[in-house]
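Residue numbers (the working numbering), protein chains in the order written: chain W, 955 to 1290; chain S, 955 to 1290; chain R, 955 to 1290; chain F, 955 to 1290.
Glycine included, each C-beta is placed from N, C-alpha and C at the ideal position.
Number of protein chains: 4
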Amino acid sequence: MRPTKIPVAVIGASGYTGLELIKMLVQHPIFEIRYVGTSEGGVSLSELHPSLSSVSECAIEKADANAVAESCELAFLALPHKTAMGFVKALIALDVKVVDLSADYRLERDTYEAHYVPHIDPENLAHAVYGLPELNRTKIKEATLVANPGCYPTASILAALPFMPFRQSGTPIMIDAKSGVSGAGKKCSHNTHYVTINENAFAYAPLDHRHGPEIAEKLAVDESTVHFVPHLLPITRGMLSSVYMQVEGDFDPLELLEKVYRDEPFVRIRKTPVDMKSVSGTNFCDIYAKRSGDVLFITSAIDNLLRGASSQAVANANLMSGLEESTGLPIIAYVP
Amino acid sequence: MRPTKIPVAVIGASGYTGLELIKMLVQHPIFEIRYVGTSEGGVSLSELHPSLSSVSECAIEKADANAVAESCELAFLALPHKTAMGFVKALIALDVKVVDLSADYRLERDTYEAHYVPHIDPENLAHAVYGLPELNRTKIKEATLVANPGCYPTASILAALPFMPFRQSGTPIMIDAKSGVSGAGKKCSHNTHYVTINENAFAYAPLDHRHGPEIAEKLAVDESTVHFVPHLLPITRGMLSSVYMQVEGDFDPLELLEKVYRDEPFVRIRKTPVDMKSVSGTNFCDIYAKRSGDVLFITSAIDNLLRGASSQAVANANLMSGLEESTGLPIIAYVP
Amino acid sequence: MRPTKIPVAVIGASGYTGLELIKMLVQHPIFEIRYVGTSEGGVSLSELHPSLSSVSECAIEKADANAVAESCELAFLALPHKTAMGFVKALIALDVKVVDLSADYRLERDTYEAHYVPHIDPENLAHAVYGLPELNRTKIKEATLVANPGCYPTASILAALPFMPFRQSGTPIMIDAKSGVSGAGKKCSHNTHYVTINENAFAYAPLDHRHGPEIAEKLAVDESTVHFVPHLLPITRGMLSSVYMQVEGDFDPLELLEKVYRDEPFVRIRKTPVDMKSVSGTNFCDIYAKRSGDVLFITSAIDNLLRGASSQAVANANLMSGLEESTGLPIIAYVP
Amino acid sequence: MRPTKIPVAVIGASGYTGLELIKMLVQHPIFEIRYVGTSEGGVSLSELHPSLSSVSECAIEKADANAVAESCELAFLALPHKTAMGFVKALIALDVKVVDLSADYRLERDTYEAHYVPHIDPENLAHAVYGLPELNRTKIKEATLVANPGCYPTASILAALPFMPFRQSGTPIMIDAKSGVSGAGKKCSHNTHYVTINENAFAYAPLDHRHGPEIAEKLAVDESTVHFVPHLLPITRGMLSSVYMQVEGDFDPLELLEKVYRDEPFVRIRKTPVDMKSVSGTNFCDIYAKRSGDVLFITSAIDNLLRGASSQAVANANLMSGLEESTGLPIIAYVP
């Protein structure tokens, strides 16, 4: 028997991750969008995202937690951090399950408050589950609130985690990451201007980006161990994370990766260095590693808007709803 | 009194570095191109490089050392490694000064032969000078043969060198470098196809690129200390080198850079992370550094075809000819 | 009752249109790939297209018509013109339906031979149907051989056709078209080199491209009426066709388009000029038009590899197989 | 004897055309920048344009006509239309020669006011010279006020003008133009956002762009004759203009172009279709033309910021100052 549809909401539909959520949900076999909200409301879906004309149409509401709770079992929140907390608190109180794509429930309270703002919802923070399925699949299945990981942490943790047992104690982990511009959001600014980005590349917030502490926390090392430097590239979507670690012990990095991720449907171990485009448009994380003496180089690739945000959110919602993790997830890359 | 012109040759005019040499030499106040050669010959300059129509015109010869020696005091060689050696040997024997843009005279013989091919000209290799002016300016002035550095080594050495005294002994140096596609040359291949490169990025030859040993040798450390990973970006020209070192001692990285490069006309210390485009079209190397605990991050930017090849070659030729290093060098970036 | 699967073949799997076919067919609810062939064979699907790892796997055969006929009801041919004819002839003789993506069956024999090569299969050419559903839907449903239209003709004909009744007799039709580089194919050449294309744009084969006569024939005007100039843009996929016509009579161009295409699921009339990206990844053709006095400007956008090739081929195969035209066709754009 | 320096001002230094002016003027052998102004003032040149660090430094003033007049003989105005008029009026009254890069003095008063705003300086408008040297060289030499042409008009007029005598009377001229994004200016907006532009292309303001009337006026035809459609491409700098005309009479288009432009130093007639990149970074306009029956296709390429703005402004200033037109103009393209 075909399972009943599950009604869901998307709150924060105007940005890129909101659009990606909608693109997947309109084709999802079980989830059905019943509510779409933005901070403003008052437009139609195809006015907000003209590429969806003739594909999907619905009214977009000024986001309201009670209205969501009336019709939906689960809500995806694609809102800025701080704004997200308010909605999460209200939705959880109304018994709506939440996948929150903001940073608000990703970190321990102390770490969060040191890098963001004071937290207004410590009760829910205490039981929120970090939504990296490879790390927390069992907990996610039971969760009512999942904090969807950041894009850089997703790529970096999946790359580094299998090798942590071999890391030389006391040595730093260097992460040189590269992101497409969509990660900077839809807002126009000097750093999203075509002329600034085209034929250019540069580091930003080196050793000082908020995703550094998130990576450290999930790898279970001190913040001071992870040295994280993101770069912006002239690419719309895609992310590459290059991790450098000092290791000891006898292991073949590709064999180890194959073994650790053998049963993972959305991690692919590559025999040659990964590239951004082969994962673009998909939920895959591709990983390659090579060792030279004591130094290990690991390079992973994800689509920053999908595995780094929206498709991982759908994977989490699938698990929270008792569905197969892979239900409705994109696996075919934007190649060529 | 205006100095007399100095006649020079460009051998290997068909590639990108050959074109860049010609672009600078046709506007150089002292050097005058008297001979342009390729492996084939038999075309005109504007047939080979249509953008030079109405700008400069000359016949292109099938490269011949004797013909060069008849008319020129100095030759720029933009040939593949191995081919270069043969010409250098002949030209030096004929008393022509040479700036060689290939790898053939950059390394100690053992290192060269381990990573390239057997060397056929050890006599000249013994006295060739590595043409990084900031490192070897005095020797370059006296040299008859200058080995022009590789693009990755230029960016990486200028970034790392000032900090080598503070490096923690025994720790690795990680270099995560990013290059535009022009570095892969004019030859058509899968990795230079537009569809492969556009909206993509990937590492290649990780921990195994021949520029790793070149960097190590010039930083005076073991090959096994330098862990070098180059990446290809969807950009025509430009290069970024991100260097990660473990350091000790008390120093402010920007102050140190300012002090070391105070009198260098072609190194600019930046207060914020460097970007590729601000040096594109110029001989500048821009550098920024930041420290977090024991870890130092240094990011440098050059134009891979100019500071990483042709304009550095002209700088070397200037020095070898008793001219100001800056004569005829481009300083105004391709911005916007 | 769920319909039985229909076994199909893809011959010519190594290029971009072959890959696009496979991407759609692996997710198609009715068609099932039973045979994949290339001129060489002997590799696996994921070796040929690494982005398909973990998605789909099968052996790739050296293409053979008899082997196709043993297992498949319908074959997609993504082969170069001239090569295609040989296979079509054999497959039709073996009772396999064919959607041919080459130029071999698109034109009247005289026109074909004037612009391509002598035709070796005039028998099948005589009954082949030109596979533009908006033009020939009824005939396609009955066809055994469908000639899939060229990319430029698809975009240009859909733009111009509704206005042909209003065209001033004797006036020329100018078509200024713009294509992404994937249209030039996977082969490496000067015109597909990243450095040639990036930050560049140019016309090629102006007034002399083979798609000009194809457009004229389907618009039912003389070849000398259509003046077609294609341009290459620094974009991987996408196509824009700008059509200029001299018209008479009283009509509102947008209203006319709305009326003509009211029931067409894959034509979207836009209120503002169309853009490439909103159709990228889909089977849509977006059209906008504006009139100024006697001159009409129409601008249409398609994905050159999908509506201009592979998704249109699947639409044709759907119709030939008694399925809904839209079965398994992509409608969600690669935006952002 | 080396000529004395001529002191000049740049007003409107913050945008792209202002930067391009400064890049040329700091290397110009005769002009010397004595005054740089913006609407705000209060920064240094390298703060405004970081790529100029170590290249040129000066204070930037809040623009003031009297201060300009105290030190400068000629001023370049790179201001928005309407703002420009105010300054021009004041500067001319103070006997400062002006090259105005805005639209304010390009058109007959009626045409200007129909497409822009009421004109506040009709006195100077009456004697302003349209600064296209190929059209008005003699007048420019005598002018005190030159209206620098728009980018689209420069490319389109140079393409169309030689063929106007052969145009079939009463037929329309269609111009399909393509521009890089720098033409849209430095301001951040949806249409300059990297994600909007990258992998995209679209027409804007079709048949309704203000450069249409400018082209018509200078070609001496009715506004209703010129049908102008500009497109935005994913390119930083460069412009292509494709002109379609109906012609009569017997002529070879390339021979005609060669003849008309024989003595023009900054027009190059090409034997194959022009490309954007071969003129990028230069003052050249490249032109190619092909005829098919009664229809003529002409394609021209310029750098929109240079020949389409700033280098043409310097050419005009050279002529107004009694210098060779080519003094200090860039001729070497940003290739590769």
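Between the segment 1188-1207 of chain S and chain W, which residues of the former have CB atoms less than 8 Å from a CB of the latter, in chain order? Contact residues of the segment 1188-1207 of chain S toward chain W are Pro1188, Ile1189, Thr1190, Arg1191, Gly1192, Leu1194, Ser1196, Tyr1198 and Gln1200 (C-beta to C-beta distance below 8 Å).
Run through the segment 1159-1206 of chain R for me and flag every whole beta strand (DSSP E) of 3 or more residues, listed as ranges in chain order. Taken in chain order, the complete beta strand (DSSP E) segments of 3 or more residues contained in the segment 1159-1206 of chain R are 1180-1186 and 1193-1200.
Output, in sequence order along the chain, the residues in the segment 1139-1171 of chain F whose CB is closer than 9 Å to any CB in chain S. Identification of residues in the segment 1139-1171 of chain F having a C-beta nearer than 9 Å to some C-beta of chain S yields Lys1140, Asn1152 and Glu1153, given in sequence order.
Name the residue from F:Tyr1242, F:Glu1027 and F:Gly966 whose alpha carbon lies nearest to the alpha carbon of Ile1046 of chain F. Considering only alpha carbons, the answer is F:Glu1027.
So what does DSSP say about Val1052 of chain R, is it helix, strand or coil? Strand, per DSSP.
Which partner residues does Met1230 of chain F have in the DSSP bridge list? Met1230 of chain F is not bridged to any residue.
Just verifying my parser: in three-state terms, what is the DSSP assignment at Glu1209 of chain S? Helix at Glu1209 of chain S.
Residue of F:His1181, F:Glu1279, F:Ala1271 and F:Asp1257 minimising C-alpha distance to Ile1286 of chain F: The shortest C-alpha separation from Ile1286 of chain F is found at F:Asp1257.
Check the C-beta distance from Tyr1106 of chain R over to Pro1184 of chain R and give it rounded, since I have them as a contact under 8 Å. Right, the Cβ-Cβ distance comes to about 6 Å (below 8 Å), so this counts as a contact.
Using a Cβ-Cβ cut-off of 8 Å, state whether Leu1108 of chain F counts as contacting chain R. Reading off the sequence shown, one finds Thr at residue 1108 of chain F, where the question assumed Leu. No, Thr1108 of chain F lies away from the interface with chain R (no Cβ there is under 8 Å from its Cβ).
Meets three-Cβ-pair contact criterion under 8 Å: the segment 1194-1213 of chain W and the segment 1128-1136 of chain W: In the pairwise beta carbon analysis, the segment 1194-1213 of chain W is classified as touching the segment 1128-1136 of chain W: at least three pairs are separated by under 8 Å.
Is the shortest distance between the beta-carbon of Pro1284 of chain F and the beta-carbons of chain R less than 8 Å? Output row for Pro1284 of chain F: interface = no.
Using a Cβ-Cβ cut-off of 8 Å, state whether Asp1240 of chain W counts as contacting chain F. No, Asp1240 of chain W lies away from the interface with chain F (no Cβ there is under 8 Å from its Cβ).
Ignore the nearest five residues each way along the sequence and tell me which others in Thr1226 of chain F's own chain have a CB closer than 8 Å to its CB. Around Thr1226 of chain F: Tyr1242.
What residues match up with Pro961 of chain W in a beta bridge as DSSP calls it? As computed with DSSP, Pro961 of chain W is found in a beta bridge with W:Glu986.
Which of the three DSSP states, helix, strand or coil, is assigned to Val1071 of chain F? Coil at Val1071 of chain F, not helix or strand.
Quickly, what does DSSP pair Ile1151 of chain R with across the bridge? List them, please. DSSP output for Ile1151 of chain R lists no bridge partner at all.
Reference Ala1109 of chain W; option with closest CA among W:Ile1189, W:Leu1277, W:Val1100 and W:Val1233: Residue nearest to Ala1109 of chain W within the set W:Ile1189, W:Leu1277, W:Val1100 and W:Val1233 is W:Val1233 (criterion: CA-CA distance).
Arg1222 of chain W classed as buried or exposed, judged by whether at least 16 other C-beta atoms fall within 10 angstroms: The residue in question, Arg1222 of chain W, is buried, as its Cβ has 16 or more Cβ neighbours within 10 Å.
Please determine, among F:His1165, F:Arg1121 and F:Leu1061, the residue with the shortest C-alpha to C-alpha distance to Gly1262 of chain F. Each of F:His1165, F:Arg1121 and F:Leu1061 was checked against the Cα of Gly1262 of chain F, and the nearest Cα belongs to F:His1165.
Three-way DSSP call (helix, strand, coil) for Phe1117 of chain W in this model: DSSP, reduced to helix, strand and coil, places Phe1117 of chain W within a helical segment of the structure shown.
Closer than 8 Å, CB to CB, is Ser1232 of chain R near chain S or not? For Ser1232 of chain R, the answer is no, since every Cβ of chain S falls outside 8 Å of its Cβ.
With distances taken between CB atoms, is the gap from Ala1082 of chain R to Leu1099 of chain R smaller than 8 Å? Yes.
Whole alpha helix (DSSP H) elements within the segment 1003-1041 of chain R, 4-residue minimum: Listed in chain order, they are 1019-1025.
Closer than 9 Å, Cβ to any Cβ of chain R: which residues of the segment 1116-1128 of chain F, in chain order? Correct list: Thr1125, Pro1126 and Met1128.
Counted within 10 angstroms of its Cβ, other Cβ atoms place Ile1074 of chain W as buried (16 or more) or exposed: Exposed.
So, is Gln1266 of chain F buried or exposed, given that buried needs 16 or more other C-beta atoms within 10 angstroms? Classification for Gln1266 of chain F: buried.
Ignore the nearest five residues each way along the sequence and tell me which others in Ile1189 of chain R's own chain have a CB closer than 6 Å to its CB. These residues qualify, in order along the chain: Gly1134.
Please state whether DSSP places Ala1101 of chain F in a helix, a strand or coil. Correct three-state label for Ala1101 of chain F: strand.
Is there contact between the segment 1207-1224 of chain W and the segment 1153-1160 of chain W, where contact requires at least three CB pairs shorter than 8 Å? Contact between the segment 1207-1224 of chain W and the segment 1153-1160 of chain W is absent, because fewer than three Cβ pairs lie under 8 Å.
Which chain R residues are close to Ser1136 of chain S, counting only those with a beta carbon under 7 Å from its beta carbon? Per Cβ cutoff of 7 Å: Val1149.
Taking only runs of the beta strand (DSSP E) that begin and end inside the segment 1231-1268 of chain F, which ones reach a length of at least 3 residues, in chain order? Here the runs fully enclosed are 1239-1246 and 1249-1256.
Comparing alpha-carbon positions, which option in S:Phe1117, S:Met1230 and S:Phe985 lies nearest Ala1174 of chain S? For the residues S:Phe1117, S:Met1230 and S:Phe985, the minimum Cα distance to Ala1174 of chain S belongs to S:Phe1117.
Beta-carbon contacts of Val980 of chain F that lie in its chain and below 6 Å, excluding the five residues immediately before and after: Once the five neighbours on either side are set aside, the close Cβ partners of Val980 of chain F are Ser1010.
Range covered by the alpha helix (DSSP H) that runs through Arg1091 of chain W: Here the alpha helix (DSSP H) through Arg1091 of chain W covers Pro1087 to Glu1096.
Could you list which residues in chain R have their beta carbon closer than 8 Å to that of Gly1235 of chain F, in chain order? Within 8 Å Cβ-Cβ: nothing; Gly1235 of chain F doesn't reach chain R, min ~11 Å.
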